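Numbering (my numbering), first residue to last: 47 to 129.
In structure tokens form, the structure reads like this:
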């Protein structure tokens, strides 16, 4: 069965917070871990959560925050090869 609709399935928001590249994961005590873009404000995550400067510390791995993790996965580089 083929899709015959010509309407967009998903409309990308204007000025999306993350356009790909390497992210930095921060652990904020009491609030889990969040991701920021490399050139972004280090105290504002991809999901819009803010914390005070010096409150978070850099950690490795994917963030705990579902919204940040989704943004990281949507912006990741994917190969164009066969699946």
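Every residue, glycine too, gets a C-beta built ideally from N, C-alpha and C.
Treat the numbers as computed from the prediction; the structure is a model and nothing was measured.
Can you tell me whether residue i is helix, strand or coil according to DSSP?
{"i": "residue 100", "result": "coil"}
{"i": "residue 78", "result": "strand"}
Using CA atoms only, rank isn't needed, just tell me which of the options is closest to residue i.
{"i": "residue 92", "options": "100, 75, 119", "result": "119"}
{"i": "residue 104", "options": "94, 121, 83", "result": "83"}
{"i": "residue 88", "options": "100, 78, 110", "result": "100"}
{"i": "residue 194", "options": "121, 108, 117, 116", "result": "In this structure the chain extends from 47 to 129, so residue 194 is not present and cannot be described."}
Does the Cβ-Cβ distance between residue i and residue j come in under 9 Å?
{"i": "residue 71", "j": "residue 106", "result": "yes"}
Tell me whether residue i is buried or exposed, calling it buried when 16 or more other Cβ atoms sit within 10 Å of its Cβ.
{"i": "residue 102", "result": "buried"}
{"i": "residue 112", "result": "exposed"}
{"i": "residue 81", "result": "buried"}
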